[in-house]
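Report on one structure; see the data block that follows.
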Amino acid sequence: MKTAPPSQRKAKYCNYCDNTGIIHNPHFSELGENALAPCPKCVIAKCTCGGEDPFYIFRDGKIEECFCRETRMKILKINAIYNRCGINRKYRWKRLNDYKSVNKQAEDAKNTAYEIVTRFPDVRKGLFLWGNAGTGKTLLSSIILTELIIRHAVEGRFISISRNLFKTLQESFHEGSETYGESGRIEKELADVDILVVDDFGIQKDTEWKQETLYDLVDARYEAEKFTIFTSNNNPHKSFKDLSQGRILSRIKEMCRILEISGDDYRDRL
Ligand SMILES: [Zn+2]
Ligand SMILES: [Zn+2]
Numbered sequence: 549m550k551t552a553p554p555s556q557r558k559a560k561y562c563n564y565c566d567n568t569g570i571i572h573n574p575h576f577s578e579l580g581e582n583a584l585a586p587c588p589k590c591v592i593a594k595c596t597c598g599g600e601d602p603f604y605i606f607r608d609g610k611i612e613e614c615f616c617r618e619t620r621m622k623i624l625k626i627n628a629i630y631n632r633c634g635i636n637r638k639y640r641w642k643r644l645n646d647y648k649s650v651n652k653q654a655e656d657a658k659n660t661a662y663e664i665v666t667r668f669p670d671v672r673k674g675l676f677l678w679g680n681a682g683t684g685k686t687l688l689s690s691i692i693l694t695e696l697i698i699r700h701a702v703e704g705r706f707i708s709i710s711r712n713l714f715k716t717l718q719e720s721f722h723e724g725s726e727t728y729g730e731s732g733r734i735e736k737e738l739a740d741v742d743i744l745v746v747d748d749f750g751i752q753k754d755t756e757w758k759q760e761t762l763y764d765l766v767d768a769r770y771e772a773e774k775f776t777i778f779t780s781n782n783n784p785h786k787s788f789k790d791l792s793q794g795r796i797l798s799r800i801k802e803m804c805r806i807l808e809i810s811g812d813d814y815r816d817r818l
């Protein structure tokens, strides 16, 4: 059977929700509501279960799925993934519209981000964003992760090298810590997750353990062809040249588009 081209196929949802069935309320936190909701125009309009879990209805003597069920189950899944993804509190639920590009480099990075989130999983390369502090790299990488989770319901993690990666791993070697003996599990999880954001990439050259840990992570992501985003305050071409005998830089070049975002401190404008 021939499939009609997208333009002729009857859309299940509507333009108001970008044909996703889901809308995002940017003011949800002030209103005490959930960030995501079923589209009122195309999903709620056809819902007869009253939004009651597990979203079934009784019709003509039998029980069947309410029209809203698929959308509501997807929202529950997205929320569960989002709650464990580790995005910094102040960047949670930020969308591409929230990123105001302040110069040409930032505009290019935003366009690349848009391309990634709309084409995923058909994306060949990850992203390496570098530039001076305060240019919105962490915000933009958080946004890309949020968009990918909302649009595709894929599993993702956000880790900060300086804030939590090494600390978590080091703790896992301390008897009595909550994660004792789990370094292998933690590293495997980071190697396997569909999307990984590694914020604040860069380390002191004198710590071989850290260099090897980072190389192993980068290499595992590379081998598994997993989508990875890095942010860094350092120019990778210069700073990572000698790291792990250049092996980290060579992997990053193969697996990422390297984009610079430099300029004034973005945070001053927020
Ligand atoms: Zn709709
Ligand atoms: Zn319903």
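Heads up: the sequence shown at position 231 corresponds to 779 in my numbering, and the numbers run straight through without jumps.
Note that the Cβ used here is the ideal one computed from N, Cα and C, for glycine as well.
Bridge partner(s) assigned by DSSP for residue i
i	result
His572	Leu584
Cys804	Gly674
Glu612	Ile605
Phe744	Before going on, a small fix: residue 744 reads as Leu here, not Phe. Beta-bridge pairing links Leu744 to Arg705 and Thr776.
Residue i (DSSP reduced to helix, strand or coil)
i	result
Ala706	Strictly speaking, residue 706 in this sequence is Phe, with Ala absent from that position. Strand at Phe706.
Glu737	helix
Ile635	coil
Thr779	strand
Met549	Residue placement at Met549 cannot be trusted, given a pLDDT of 47 that sits under 50; the coordinates are not used to answer.
Leu687	helix
Lys560	coil
Ser577	helix
Ser798	helix
Cys597	coil
Ile809	coil
Trp757	helix
Tyr647	coil
Asn567	coil
Gly732	helix
Asp790	coil
Thr727	coil
His785	helix
Phe714	helix
Arg617	helix
Ala681	coil
His722	coil
Lys622	helix
Lys658	helix
Arg640	coil
Val766	helix
Lys652	helix
Val591	coil
Cβ distance (whole Å) where residue i is taken to contact residue j below 8 Å
i	j	result
Glu703	Val741	5 Å
Lys685	Ile796	In fact, because the Cβ distance is near 18 Å, the residues do not count as touching under 8 Å.
Thr683	Gly811	5 Å
Ile629	Ile697	5 Å
Leu807	Asp656	7 Å
Asp764	Arg799	Not really, about 11 Å apart at Cβ, beyond 8 Å.
Asn781	Ala654	With a Cβ gap of about 15 Å, Asn781 and Ala654 do not count as contacting.
Ser731	Leu717	5 Å
_Quick test of the definition: if touching needs 3 or more C-beta pairs under 8 Å, does the region 743-750 touch the region 682-698?_
Contact between the region 743-750 and the region 682-698 is present: three or more C-beta pairs spanning the two stretches fall below 8 Å.
*Relative to ligand 1, what is the chain-ordered list of residues with a Cβ closer than 5 Å to any of its non-hydrogen atoms?*
Chain-ordered list of matching residues: Tyr561, Cys562, Tyr564, Cys565, Cys587, Lys589 and Cys590.
*Is it a yes or a no for the region 610-618 touching the region 579-595, going by three-plus beta-carbon pairs under 8 Å?*
Result yes; three or more Cβ-Cβ pairs closer than 8 Å.
_For the pair the region 560-575 and the region 583-591, tell me if three or more CB-CB distances fall below 8 Å._
Yes, they touch.
*Answer yes if the region 764-777 comes into contact with the region 670-679, meaning at least three C-beta pairs across the two stretches below 8 Å, and no otherwise.*
Judged by Cβ distances under 8 Å, the region 670-679 makes contact with the region 764-777, as three or more pairs qualify.
*For the region 702-720 and the region 618-638, state whether three or more C-beta atom pairs, one from each stretch, are separated by less than 8 Å.*
Judged by Cβ distances under 8 Å, the region 702-720 makes contact with the region 618-638, as three or more pairs qualify.
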